[in-house]
Each structure stands twice: as structure tokens, then as C-alpha cells.
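Below is one structure, written out as C-alpha cells, with a few remarks after it.
Protein chains: 2
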Amino acid sequence: MTIITGVDVLDVRFPTSLSMDGSDAMNKDGDYSAAYVILRTDDPELAGYGFTFTIGRGNDIVSLACDRRAQPLVGLDVADVVGDLGAVYRTLKSDSQMRWLGPEKGVEHLAMAAVMNAVWDLAARVAGRPLWRLLSEMSPEQLADVADLQYLSDVLTRDEAIGLLREMMPGRAQRIAELESSGYPCYTTSAGWLGYSDEKLRRLCQEALDAGYRHIKLKVGANLDDDIRRLRIAREVIGPDVALMIDANQVWDVPEAIEWVTALAEFRPLWIEEPTSPDDVLGHATIRRAVAPIGVATGEHGMNRVLFKQMFQAEALDFCQLDSARLASINEILAVYLMAKKFGVPVCPHAGGVGLCELVQHLSIFDYVAVSGTLENRVTEYVDHLHEHFVDPCIVRRGGYVLPTAPGYSAQMHEESLARYRYPDGGYWRDAGGSQASTPSERACSGGEKD
Amino acid sequence: MTIITGVDVLDVRFPTSLSMDGSDAMNKDGDYSAAYVILRTDDPELAGYGFTFTIGRGNDIVSLACDRRAQPLVGLDVADVVGDLGAVYRTLKSDSQMRWLGPEKGVEHLAMAAVMNAVWDLAARVAGRPLWRLLSEMSPEQLADVADLQYLSDVLTRDEAIGLLREMMPGRAQRIAELESSGYPCYTTSAGWLGYSDEKLRRLCQEALDAGYRHIKLKVGANLDDDIRRLRIAREVIGPDVALMIDANQVWDVPEAIEWVTALAEFRPLWIEEPTSPDDVLGHATIRRAVAPIGVATGEHGMNRVLFKQMFQAEALDFCQLDSARLASINEILAVYLMAKKFGVPVCPHAGGVGLCELVQHLSIFDYVAVSGTLENRVTEYVDHLHEHFVDPCIVRRGGYVLPTAPGYSAQMHEESLARYRYPDGGYWRDAGGSQASTPSERACSGGEKD
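First to last, the protein sequences are chains A and B. Using the UniProt record's numbering, the first residue of the first sequence is number 1, and each one after it goes up by one. Using the UniProt record's numbering, the first residue of the second sequence is number 1, and each one after it goes up by one.
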């Protein structure tokens with residue numbers, strides 16, 4: 001019998017604002033960070049690793065929430081936990097005092113994501129399988145048991161969920177074989193951060209083409225003239241046939257979004273991502289009707305399955321970009337995938353940040369194998385940074401994620417990375433004076449006014 | 001010149017789960033708590049007091065978030081802060097790293113509420129007025145300047161907001177005089193907690209009648225037979241003419257809500273409160289269409305103004321129950337009042353908890369004086385507990401809130417209360433062994449499984 005003996009939570013921050021990686025119209029100076037959870041067991045060879053993603057300040061608050069959220073796991077038998085991953089999820093979720101702080105949104109939900117990601121990583125390690133394969137070997141009934149269907153029965157019952165999954169049972173093995181050959185298609189945002197110069201944009205677009213990408217995404221929304229110039233450069237480099245996506249990171253009100261996107265229509269974007277508040281289901285639906293055939297994409301700040309339910313009901317989305325570290329891990333993500341299947345909306349998960357690519361590859365592979373069974377209109381985000389901190393980093397070849405083979409959810413970071421970027425006492429931050437004050441993000445902040 | 005010199009944040013918890021005060025179908029054992037913020041100045045006679053409300057565990061997380069959120073205020077000139085209450089709000093809100101943790105929801109938003117509540121308390125103290133009067137003396141343009149209208153322009157522009165407020169300028173003084181005579185009408189939830197016996201329910205309903213209440217609310221949703229029995233008792237005591245409201249605290253899916261409420265229709269509830277997930281705009285709209293003429297009420301977990309915007313757009317609500325400690329204080333609350341005015345939905349704020357009655361009386365009075373100008377279908381919650389901890393407690397006479405006269409937002413707690421209920425080092429908790437483990441809430445929790 002193996003017991004969960006303790007939980008370590010580390011506040012890990014990378015000084016990405018130094019290079020403007022990740023800069024966009026809303027988030028100009030993020031220091032990509034993780035609230036990183038380790039579930040220790042009395043087997044020194046076995047632990048579960050998970051995290052949620054933030055962009056700097058407040059990562060300590062999320063880390064505290066992770067610690068509190070994980071405590072009920074301590075003392076449990078690992079076999080019980082991984083033997084009923086629906087029950088452990090429901091146990092954590094049922095704390096009504098913690099629930100009050102959301103419910104199911106914000107810091108508490110990020111913590112739930114981190115902790116349950118670690119639980120799923122643990123389960124996959126115990127099974128000796130990469131998580132996508134563990135999920136792909138579960139029966140429709142087992143998957144329905146772990147999925148969080150609360151508040152969804154007006155659009156998806158348990159029986160319907162099982163039915164959708166049963167339909168896709170034939171061909172699971174064949175689809176795995178296909179992906180093992182081709183990889184899962186991805187696109188790159190690495191070219192298009194707002195803080196990059198025109199020359200860097202041009203060079204990175206060319207490099208993306210050369211690397212085999214057929215989809216490229218640019219940030220927009222700070223200045224319309226700049227956006228027109230940058231999109232023109234991108235189209236010059238990539239030509240008319242490669243897909244170009246644009247991402248406004250929530251800066252517009254609904255009427256402004258419609259006006260701005262219309263002004264960029266000549267560049268034929270495949271989608272406009274996060275045109276307005278991520279909470280605005282009806283606003284997204286209005287924008288979608290107005291800017292068609294340009295698609296509407298959102299979801300990286302989609303707080304929970306109830307929001308996605310309504311996005312589907314209101315026909316507000318062309319592309320669902322759920323986030324692996326904001327939704328409450330597989331239990332909730334699975335519910336969103338099942339609803340997306342029912343409503344015929346492709347899921348193109350959000351990635352980038354730190355470690356999100358490592359996680360979402362498992363989700364996309366599982367979706368193709370066991371839920372959607374199609375790659376049509378599917379392309380998963382890939383951003384080329386911070387992978388060196390992971391023990392089992394994702395690998396992209398010719399524009400496709402290579403299927404992971406190591407057991408787990410690919411969430412484990414190197415000990416050396418943790419020692420260096422742990423905040424505020426890791427080597428990097430100690431050298432930097434013990435705080436984020438060495439990065440542009442904090443220097444901008446220290447004046448009191450931020451933009 | 002007076003400077004904000006520091007911020008104290010206290011984690012204050014009251015062991016309400018001992019008496020089952022506050023018990024409902026979702027929250028069986030809350031320990032009513034506040035993350036309590038004091039903005040200190042270099043004038044020993046001047047400070048700002050604010051808080052947000054939680055129900056126990058996690059109040060430490062919210063307290064940490066309050067501390068982080070308030071730091072940019074330290075060192076500012078009080079005159080600058082209270083002189084532009086829109087600017088200080090936007091400054092705090094503009095931290096994009098913190099924003100990532102919501103945005104504008106969950107723990108971070110609760111913290112924003114607590115901090116800005118303290119800022120508004122400070123402003124009212126500097127003005128020497130109770131907050132409702134400070135607000136009632138602001139011009140339409142001043143009110144529009146402080147209101148957070150971001151993401152709302154598809155339903156409410158700044159010009160429209162000013163127009164709505166201008167319409168109500170005539171008669172402000174007369175409406176104040178009316179309320180000074182009659183008080184602002186309220187209803188009581190004190191009778192109807194789920195954990196109370198039938199005998200206690202019967203007695204409390206009678207006491208509420210005797211105290212002058214014309215509206216009484218009961219918790220429902222745990223067991224249909226129990227609900228039928230309890231509603232029958234209540235109707236027996238209060239007769240056919242007193243309004244009876246029911247509150248399910250989010251326990252149902254949409255189809256279940258419709259079925260359950262239909263089964264209680266014979267008791268003619270005025271409204272069903274929180275029938276399902278507070279995030280489910282479309283679900284509330286569906287329920288509302290199905291259970292009419294029973295009204296639908298929600299809002300105590302309404303996370304932000306974007307959610308309320310959609311509730312109004314989708315015609316999902318008959319009664320808007322915004323929360324004074326979950327929305328980001330007056331800046332955001334004002335936006336919701338203005339939208340409610342435009343859509344013709346009465347606002348009946350959520351109260352109870354600890355200190356919420358103290359806050360919401362100011363909101364309701366201001367609404368009548370300067371926004372809605374009517375009391376039709378308006379009734380503000382009142383729960384009869386924990387008021388003794390406040391320096392300027394609300395006063396209810398014959399079913400109406402008496403207008404507060406002391407300067408501020410009525411948010412300040414007694415020093416002795418803080419010393420006793422500060423967690424975990426206050427006198428009460430030290431005597432209780434230094435943790436919530438002495439209350440039923442934590443005993444239920446310590447087994448690992450909670451309900």
C-alpha cells in the first residue's frame with residue numbers, strides 16, 4: 001500500500017518580461033509563472049506533478065490556495081485515489097467553504113486545476129502510461145464517471161455522453177497509429193508577440209514557414225495602424241494560403257471589436273481570438289454574427305464548463321480554446337470536449353505560457369482518438385519557449401506534436417529549474433535582488449500607475 | 001496633506017456553524033468570516049475600513065490577496081485618492097498580472113471588493129457623510145466617472161448613464177426625506193435556515209410577522225418533502241398575503257430546478273433564488289420562462305458586471321441580488337444599478353453574512369434616491385446576526401432599514417471583536433484550540449469526505 005504523504009507547492013517564476021515574450025495588448029509584461037504542486041508518496045520513486053499557469057504577481061496567492069486545496073489528499077491510499085478519479089475530484093470540490101470563493105472560478109479554480117493535474121499525472125505514472133494513452137484506454141462508462149457533468153444536464157446527460165464516446169470506440173487504435181505517424185497538427189504564436197519589431201516579425205514568420213507551420217498567429221488590438229502594417233508584413237511572408245489568426249486578448253468592448261476586426265478583414269484572418277471579456281457569451285455571439293466568415297475563438301480564460309456550455313448554446317464560438325490549467329483538469333475538460341463534440345465545435349486548446357504545451361498535447365491526442373475522431377479545423381497552439389525546464393518536454397516536428405511516450409502528464413520540471421526560478425528564494429531571483437523588481441513588469445509597476 | 005501609511009488585513013472568523021445559522025442546501029456549515037482591510041493614514045483619527053465576506057476556510061487566501069491588492073495605495077495622498085475614486089479604482093484594476101488570476105472574478109475580485117470598500121469608506125469619512133449621502137450628492141457626471149463601464153457599451157454608454165441619472169435629479173431631496181421617515185423596506189431570512197427545526201421555523205416566522213416584516217425567505221433544495229412541509233408551516237403562520245421567497249443556493253441543474261420549483265408552486269413563492277449555477281445566464285432564462293409567474297432571483301454569487309449585463313440582456317432575472325462584497329465596490333455596483341435601471345429590473349441586494357447588511361443599506365438608499373426612484377418590487381435582505389461586532393450597526397425598525405447617519409460605509413468592526421475572532425490567534429480561536437476544528441464545519445471536514 002502506497003500513501004500520499006505530503007504536498008509541496010512551489011511558486012516558480014520565469015523573467016519572461018525581459019524579452020517581451022508573451023506581450024500582447026492586455027498583458028504587456030508577464031513573467032510566466034507556475035504554481036507547481038508535487039504530491040509526495042512513501043514510495044520515493046513515485047510522485048504526482050501538476051501546476052497551473054499565471055503571469056507573475058499573485059502566483060503566491062495561487063500557491064497558497066493549492067496547498068489548502070490539496071490537504072485532503074494527504075494520508076489517502078494512492079490505489080484508492082487513482083482507482084476512482086471521479087470520487088477524489090468530487091471530494092475536493094465538495095468543500096463548500098472553499099466553494100464560496102468562486103464558485104469554480106478564479107484563484108480557487110486555478111488551484112483545483114493544479115492539484116487535479118497532479119492527481120492525473122500520478123494516475124498515469126501508476127499506470128505506466130502517458131496520460132493521453134491512459135485516457136484513450138478508458139471505457140465510455142469510465143470516462144463518464146470521471147467527467148464533471150454538474151449543471152450540464154440541459155445540454156448533455158450522462159447517457160448522451162456515453163453514447164458519444166461509444167460511437168468513437170471503433171477506430172481508436174487506428175487513429176493512434178495515424179498520429180504516431182503524423183503528429184498532432186499545431187500552430188505557432190512565437191512569431192507574433194506585440195512587443196516584437198517588424199524585422200523580427202518578418203524573420204519569425206519566415207522561420208515558422210520553414211519549420212512546416214501552416215497556421216500563424218499575431219497579437220492585435222493596441223493600435224489599428226500598427227495592426228494593419230504587421231498583418232500586411234505577415235501576409236507578404238506567408239502568402240495567401242497559410243492561415244493567419246489574430247488575437248486581441250480581451251481589450252475591446254463589443255462594438256469596438258466588430259469595428260476593428262472589420263477593418264482587418266482584408267487580411268482574411270481565420271479567427272479573431274478573445275475579442276472581448278471572456279465572460280461575455282452573448283457579446284461573443286454578437287461579434288461572431290457580425291464578423292463572419294472570420295471565426296470567433298475564445299477559451300483560455302474560459303472559467304469553467306458552465307461558461308463553455310453557454311458559449312455552445314449561444315453559438316458564440318467557431319473554435320473552443322479551453323485551457324488545461326484553468327479548467328479543473330481532466331474531470332472538467334472532458335465535459336467540455338463532450339459538449340464541443342455534441343455541438344460540432346472544434347477544440348483548439350490554448351497553450352504557450354509555461355508548460356501548457358506539455359499538457360495540451362495529451363488533450364488533443366485523446367480528443368482525436370476517443371471523442372471527435374477528426375482533425376478538421378483542429379490545430380493546437382504551440383509556443384517555442386520554456387520547454388527546457390521540463391523533464392519530458394513536448395516535441396514538435398514539421399508543425400505537429402510528436403506523441404509523448406513517458407508515463408504521466410509531462411508536467412514534471414527539472415530540479416535545477418525549480419532551484420533557480422523558485423520565487424523569491426531561487427538562485428535567479430536572489431541574484432536579481434530577491435524580487436520581480438528586476439523585470440520590466442515590476443519596474444513599470446513600482447510607479448503606482450500601470451497601463 | 002494626509003498620506004495612506006499602511007494596510008492591515010485581518011482574517012476574522014465567527015463560529016456560526018455551531019448554531020447552524022446560515023445553513024442551506026449548498027452551504028451546510030459556514031463559519032461566517034471577513035477579510036477585513038484597514039487603510040491607515042498618518043492622521044490617527046482617520047482610517048478606511050472595508051471587507052469582503054467568506055464562509056470560513058480560504059479566508060486566509062483572500063486576506064493575502066487583499067494585502068497584495070492594496071499595496072499600490074500605500075504612500076498616496078488621501079486627497080488624491082478620494083478626489084478621483086475612478087482613477088484609484090482603475091489603477092488597482094490595471095495590474096495585468098493580477099488580472100490573469102480572474103479576470104475580475106474569484107479571490108482576486110473579492111480582494112478588490114474589500115480594498116475598494118475601504119477606499120469608499122475612507123472617502124465618506126473624509127467627506128463627513130454616510131456613504132449613501134456622499135453618493136446621493138454626486139452629480140450624474142461624477143457618478144459616471146467612477147462607474148466601471150468597461151465591456152458594457154453594447155448595452156450602456158457613458159452618455160446613456162448620465163442621461164438616466166439626470167432624469168432622477170429632481171426629487172432626490174424629497175426621496176431622502178421619505179426614507180428618513182419610513183426607512184428602506186427589508187425582508188428577513190433569519191427564520192428559514194435549513195438546519196432549523198420545524199418548531200423554531202414556526203416561532204421565527206411568527207416573530208418576523210410581529211416585527212413588521214411583509215416578506216419572509218426560506219431555504220429549500222435539500223429534500224422536496226421537507227420543503228413542502230416547511231413551506232406549508234410558513235404559509236400557515238404568515239397567511240396568504242405576506243410574500244414568501246425560496247432560495248436553493250445553486251443546488252439544481254436546470255431541468256431539476258424547473259421540476260422542483262413547479263412542485264412548490266402551490267405555496268406561491270414570490271421568487272426562487274439561485275436555482276442553479278450562478279454563472280448560467282441562459283439556464284436562468286430557461287428556468288424563468290418555465291416557472292413564471294414565480295420570479296427568478298440571483299446575484300449573490302454574480303461575479304462581475306459582465307455577468308449581470310448578460311442576465312439583463314437574456315431577460316433571465318426578475319430580481320437582481322447584487323452583492324456588496326463580491327462586486328468591486330461602488331465602482332462596479334453603480335454600473336449594475338444603471339443597467340438594472342435601463343432594463344427595468346429591481347435590485348434587491350443580497351445581505352446577511354457578516355456586515356453585508358451594514359453595507360447594502362447604503363446601496364439601497366442611494367438607488368432609491370438617485371437611480372431607480374421607486375420602491376416597487378424592492379426589498380432588501382436583512383439577517384439578524386453578528387451586528388453587535390460593528391461600530392455603526394444597521395438598525396431595522398418595523399421592517400425597514402433606518403438611514404445611517406455616521407460618516408463612512410458602516411464597515412468598521414469593534415476592536416474587541418477583532419481581538420476575539422481574529423483567526424487563528426484571536427481569543428475565541430485560541431480557547432478553541434487555535435483552529436476551526438472546534439466547529440462542526442471542520443469536524444465534518446477532518447474525515448476527508450465532505451458533503
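We put the beta carbon where it would ideally sit given N, CA and C, even for glycine. This structure is a prediction, so every number in the text was calculated from the model and none was measured.
Counting of Cβ neighbours within 10 angstroms places A:H414 among the exposed residues, the total staying below 16. Residue pairing of B:W271 in beta bridges, as defined by DSSP: B:G295. Taking the Cα of A:H385 as reference, the smallest distance to any Cα among A:E137, A:G353 and A:R68 is reached at A:G353.
For A:M245, there is no enclosing alpha helix (DSSP H); the residue is found in the beta strand (DSSP E) stretching over A243 to D247. When secondary structure is reduced to three states using DSSP, B:R289 falls in the helix class. Residue-level contact check: A:H109 touches chain B, since one or more beta carbons of chain B fall below 8 Å from its beta carbon.
The alpha-carbon separation between B:R420 and B:Q436 amounts to approximately 14 Å.
If you draw a straight line from the Cα of B:G221 to the Cα of B:P278, it is about 15 Å long.
Nearest to A:P404 by alpha-carbon distance, out of A:R133, A:D80, A:E108 and A:P424, is A:R133. For A:L194, the nearest beta carbon of chain B is not closer than 8 Å to its own beta carbon. Put simply, of A:I3, A:A161 and A:L10 the residue whose alpha carbon is nearest the alpha carbon of A:Q412 is A:L10. The residue from A:Y409, A:N223, A:L418 and A:S417 with its alpha-carbon nearest to that of A:Y49 is A:Y409.
Look at the beta carbons and you see the stretch 150 to 165 of chain B touching the stretch 253 to 264 of chain A: at least three pairs across the two are nearer than 8 Å.
Per DSSP, the beta bridge partners of A:H215 are A:A243. Within 10 angstroms of the beta-carbon of B:G344 lie fewer than 16 other beta-carbons, which makes it exposed. Flagged as an interface residue toward chain B: A:P255, by a C-beta distance shorter than 8 Å. In this structure, the straight-line span from the alpha carbon of B:E104 to that of B:S94 is close to 11 Å. Taking C-alpha positions only, B:A79 is separated from B:D43 by approximately 13 Å.
In this structure, B:R125 lies near B:L46, with their beta-carbon atoms less than 8 Å apart.
With the criterion set as a beta carbon lying under 9 Å from some beta carbon of chain A, the stretch 356 to 386 of chain B has no members that meet it. In this structure, the straight-line span from the alpha carbon of B:S197 to that of B:M245 is close to 19 Å. Listed along chain A, no residue sits closer than 8 Å to B:G50 by beta-carbon distance, the nearest being about 17 Å off.
Per the C-alpha coordinates, the member of A:A114, A:R397 and A:L101 positioned closest to A:L356 is A:A114.
Note on the stretch 374 to 404 of chain B: whole beta strand (DSSP E) runs with a minimum of 3 residues are 380 to 382, in chain order. Checking the DSSP bridge columns, you'll see A:P130 partnered with A:G408. Bridge partners of B:R166 according to DSSP: none are assigned.
Contact between A:R40 and A:D8 holds: their C-beta atoms lie close to 7 Å from each other, under 8 Å. For a Cβ distance threshold of 8 Å, nothing in chain A lies close to B:I246: the least Cβ distance comes to about 19 Å. Taking a contact as a CB-CB distance under 8 Å, the pair A:A248 and A:P269 does not count as one, their CB atoms being some 11 Å apart.
Listed along the chain, the chain B residues whose CB falls inside 8 Å of the CB of A:A144 amount to none; the nearest CB is some 16 Å away. Counting along the chain, no beta strand (DSSP E) covers A:D31, and no H or E run does either. Contact between the stretch 187 to 197 of chain B and the stretch 158 to 165 of chain B is absent, with fewer than three C-beta pairs closer than 8 Å. In summary, the residues of the stretch 71 to 87 of chain B whose CB is separated from some CB of chain A by less than 8 Å are P72, G75 and L76, in the order they occur in the chain.
When the Cα atoms are used, A:W429 and B:W260 turn out to be separated by approximately 56 Å. In the structure shown, A:C348 adopts coil according to DSSP, grouped into three states.
Closest in C-alpha terms to B:A65, from the list B:F366, B:G102, B:D29 and B:H387, comes B:G102.
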